[in-house]
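One structure is given here, and the rest of the page talks about it.
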Amino acid sequence: MRLFNTLTRREEPFAPADGKTVRMYTCGLTVYARGHIGNFRTFVALDVLRRALEFEGYAIRQVRNYTDVDDRTIAESLKARKPLREHTQQFVEAFERDAAALGLEPVEYAPRATDHIAAMAGMIQALERNGHTYTTDGSIYYKISTFPEYGKLARLDHAGIKSGARVDSDKYEKDDARDFVLWKAIKPGEPSWEAGLPPGRPGWHIECSAMAAELLGELPIDLHGGGIDLIFPHHENEIAQAEGATNRQFSRFWVHVEHLMIEIEAEELPSSEKMSKSLGNVYNLEDVAAQGFRPSTLRYVYLNTHYRKQLKFSWSVMAQAEEALKRLTDFLARLDALPAGDANPATAARLDEASAAFADHIRTDLNTAAALGVMFELVRALNSAIDAGELPAGDAASVRDTFERFDRVLGILSLRRAEEARPPVPVEDIERLIHERRAARASRNFAEADRIRKDLDSRGILLEDTTAGTRWKRK
Ligand code: AMP
Ligand code: ZN
Numbered sequence: 008m009r010l011f012n013t014l015t016r017r018e019e020p021f022a023p024a025d026g027k028t029v030r031m032y033t034c035g036l037t038v039y040a041r042g043h044i045g046n047f048r049t050f051v052a053l054d055v056l057r058r059a060l061e062f063e064g065y066a067i068r069q070v071r072n073y074t075d076v077d078d079r080t081i082a083e084s085l086k087a088r089k090p091l092r093e094h095t096q097q098f099v100e101a102f103e104r105d106a107a108a109l110g111l112e113p114v115e116y117a118p119r120a121t122d123h124i125a126a127m128a129g130m131i132q133a134l135e136r137n138g139h140t141y142t143t144d145g146s147i148y149y150k151i152s153t154f155p156e157y158g159k160l161a162r163l164d165h166a167g168i169k170s171g172a173r174v175d176s177d178k179y180e181k182d183d184a185r186d187f188v189l190w191k192a193i194k195p196g197e198p199s200w201e202a203g204l205p206p207g208r209p210g211w212h213i214e215c216s217a218m219a220a221e222l223l224g225e226l227p228i229d230l231h232g233g234g235i236d237l238i239f240p241h242h243e244n245e246i247a248q249a250e251g252a253t254n255r256q257f258s259r260f261w262v263h264v265e266h267l268m269i270e271i272e273a274e275e276l277p278s279s280e281k282m283s284k285s286l287g288n289v290y291n292l293e294d295v296a297a298q299g300f301r302p303s304t305l306r307y308v309y310l311n312t313h314y315r316k317q318l319k320f321s322w323s324v325m326a327q328a329e330e331a332l333k334r335l336t337d338f339l340a341r342l343d344a345l346p347a348g349d350a351n352p353a354t355a356a357r358l359d360e361a362s363a364a365f366a367d368h369i370r371t372d373l374n375t376a377a378a379l380g381v382m383f384e385l386v387r388a389l390n391s392a393i394d395a396g397e398l399p400a401g402d403a404a405s406v407r408d409t410f411e412r413f414d415r416v417l418g419i420l421s422l423r424r425a426e427e428a429r430p431p432v433p434v435e436d437i438e439r440l441i442h443e444r445r446a447a448r449a450s451r452n453f454a455e456a457d458r459i460r461k462d463l464d465s466r467g468i469l470l471e472d473t474t475a476g477t478r479w480k481r482k
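Add 7 to a position in the sequence shown, counting from 1, and you land on the number used in our numbering.
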């Protein structure tokens with residue numbers, strides 16, 4: 008497997024240090040709002056990386072955290088007049104639902120930052136012992152001039168770094184590289200912890216360094232990933248913290264996913280901008296459903312662009328993806344009706360060739376777009392073989408197996424199947440409506456009873472009245 012390593016700016020062969028288990032950390036959602044489809048581009052790309060590494064035969068130990076304490080979560084919980092934990096809980100739950108809907112494999116560790124404050128305090132104390140910190144007004148800062156390698160990930164120009172200047176906010180620009188805050192002094196109304204430090208709360212960056220070291224064991228870990236915006240300051244600071252505290256390399260590989268972009272409307276020239284909550288241009292999975300699309304289609308859209316290229320999202324791109332997915336599922340359905348006959352040797356050769364090309368693309372810096380291309384090329388060729396009467400039933404199993412093997416990495420077909428198996432309306436809703444319809448009929452309100460039946464019918468659910476009561480089935 009070859010991966011582009013942001014640390015070296017080169018594609019390099021990747022294998023876990025122990026040859027068996029990949030220990031990887033991927034930055035998770037900041038749970039101050041529901042994740043949008045830009046966030047999920049990064050999460051899906053890193054899920055495919057995980058699956059590709061499993062495909063290579065490695066075991067995985069992955070952390071994907073929840074940032075449930077930082078500037079934004081605190082600001083939003085104060086606005087909502089809710090305790091921090093309560094405010095963030097709803098977005099943790101929404102993330103879990105959205106992640107499952109998009110077919111993300113479960114990860115080994117999904118920690119909330121606020122459950123690991125002791126590890127953060129421990130790392131800050133190690134940084135103090137190693138002379139990397141100073142305290143001002145109750146807040147503890149990282150003195151970046153004590154870490155000569157500061158800037159190695161983001162490739163900062165040291166001449167531009169303002170020595171001694173401080174920054175308290177979690178996010179800031181590259182040309183504003185400053186001493187950053189590790190632990191923020193207590194402020195009225197904000198949550199705080201002690202953990203052997205003055206009362207306060209962790210800065211965003213320390214959270215990931217500390218949870219990675221605590222949960223994944225001895226440094227260096229094999230791989231660290233996130234969206235491209237995290238290179239600076241977040242990942243640069245994570246390196247300074249973890250390496251300053253342990254005197255060991257933090258992560259051998261750094262993988263960054265480019266942004267999902269969205270077209271800017273009402274502009275003369277076509278242009279696009281990053282999808283981001285702060286720009287107010289976000290869609291989430293509910294918006295995707297409201298446009299009539301399923302999460303499997305979005306997953307396809309994500310995979311159809313290489314993870315290091317910007318993805319220009321639009322509803323027409325979704326419509327094209329749905330067409331492509333349909334071609335794929337229609338082809339697989341044709342396999343059920345092949346004419347009887349023994350396997351054609353030409354099929355095995357074709358499948359082998361496609362499998363080799365598929366694996367090759369995945370192993371070349373996770374080129375999922377090219378891998379999808381191979382899959383559709385195969386669909387075209389096999390459709391022609393069916394039309395020409397050259398694909399007998401004896402080939403069906405090996406063809407299906409090949410597509411299933413591709414799907415272990417892509418996770419699109421299995422997701423589509425899960426979507427189809429689920430009734431289009433939640434079972435609780437169907438049962439409630441059947442109950443309401445019965446009540447309407449009992450009070451001779453037949454118009455209402457009929458409206459309920461038609462409503463369910465339009466959503467793909469048929470009602471059947473039997474002597475034993477009303478039964479429902481999918482249309
Ligand atoms: P946040 O919740 O802001 O910490 O972001 C969670 C993850 O989503 C991070 O890895 C970000 O880099 C990533 N991310 C944020 N916006 C986008 C976007 N428009 N496209 C792709 N990834 C994004
Ligand atoms: Zn992080």
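All C-beta atoms, glycine included, are put in the ideal place defined by N, C-alpha and C.
None of these values were measured; they are calculated from a predicted model.
Q) Looking only at C-alpha atoms, which of 304, 336, 319 sits nearest to residue 329? A) 304
Q) Whose CA, out of 411, 28, 22, 51, lies closest to the CA of residue 313? A) 51
**Q.** Buried or exposed by the 16-neighbour rule on C-beta atoms within 10 Å, applied to residue 110
**A.** buried
Q | Residue burial classification, residue 265 (beta-carbon count within 10 angstroms, cutoff 16) | A | buried
Q: Can you tell me which of 427, 444, 453 puts its alpha carbon nearest to the alpha carbon of residue 467?
A: 427
(Q) ligand 1 and residue 34: does the residue's C-beta get closer than 8 Å to at least one heavy atom of that ligand? (A) yes
Q. The alpha helix (DSSP H) with residue 187 in it runs from where to where?
A. Per DSSP, residue 187 belongs to no alpha helix (DSSP H); it is in the beta strand (DSSP E), 186-192.
Q: In angstroms with no decimal places, state the Cα-to-Cα distance between residue 413 and residue 365.
A: 8 Å
Q.
Any heavy atom of ligand 2 inside 8 Å of the beta-carbon of residue 210?
A. no
Q: Spell out whether any CB of chain C is found under 9 Å from the CB atom of residue 175.
A: The displayed structure is made up of one protein chain only, and chain C is not part of it.
**Q.** Opening and closing residue of the alpha helix (DSSP H) in which residue 212 lies
**A.** 211-223
Q. When DSSP builds the beta bridges, which residues end up paired with residue 68?
A. 30
Q: With a 10 Å radius around its C-beta and 16 neighbouring C-beta atoms as the bar for buried, classify residue 188 as buried or exposed.
A: buried
**Q.** Of the residues 395, 383, 331, 210, the one placed nearest residue 81, counting alpha carbons only
**A.** 210
Q.
So, does the segment 215-231 touch the segment 14-29, judging by three or more C-beta pairs under 8 Å?
A. yes
Q | contact_flag[the segment 366-376, the segment 54-69] where n(CB pairs < 8 Å) is 3 or more | A | yes
Q | Whole beta strand (DSSP E) elements within the segment 303-346, 3-residue minimum | A | 318-320
(Q) Let's see if you can read the secondary structure: which residues bound the beta strand (DSSP E) around residue 262? (A) 258-264
Q. Should the segment 91-102 be called in touch with the segment 72-81, which here means at least 3 C-beta pairs below 8 Å?
A. yes
Q | Member of 406, 379, 378 whose CA lies at the smallest distance from the CA of residue 389 | A | 406
**Q.** residue 272 (DSSP reduced to helix, strand or coil)
**A.** coil
Q) Say the cut is 8 Å; is the CB of residue 235 nearer than that to a heavy atom of ligand 1? A) yes
**Q.** Whole-angstrom distance between residue 267 and residue 43, CA atom to CA atom
**A.** 10 Å
Q) With contact counted as at least three CB pairs below 8 Å, one residue from each stretch, are the segment 281-289 and the segment 176-190 in contact? A) no
Q.
Runs of 4 residues minimum, wholly inside the segment 119-205: which ones carry the alpha helix (DSSP H) assignment?
A. 124-136
Q) Just how far apart, CA to CA, sit residue 344 and residue 25? A) 47 Å
**Q.** Run of the beta strand (DSSP E) containing residue 12, from where it starts to where it stops
**A.** 9-12
Q) Do the segment 137-153 and the segment 189-208 touch if we need at least three Cβ pairs shorter than 8 Å? A) yes
**Q.** Outcome for residue 233 when other beta-carbon atoms lying within 10 angstroms are tallied against a minimum of 16
**A.** buried
Q. Within this structure, are the beta carbons of residue 471 and residue 478 separated by less than 9 Å?
A. yes
Q. Contact between the segment 332-348 and the segment 395-405: three or more CB pairs below 8 Å?
A. yes
(Q) Quick check on DSSP: helix, strand or coil for residue 285? (A) helix
Q: Within the same chain, show all residues whose beta-carbon is closer than 6 Å to that of residue 116, passing over the 5 residues directly before and after it, in chain order.
A: 70, 222
Q | Close beta carbons around residue 290, own chain, < 7 Å, minus the five adjacent residues each side | A | 43, 44
(Q) Between the alpha carbons of residue 277 and residue 421, how many angstroms are there, rounded? (A) 36 Å
Q.
I want to check one thing, is the minimum distance from the CB of residue 245 to the heavy atoms of ligand 2 below 8 Å?
A. yes
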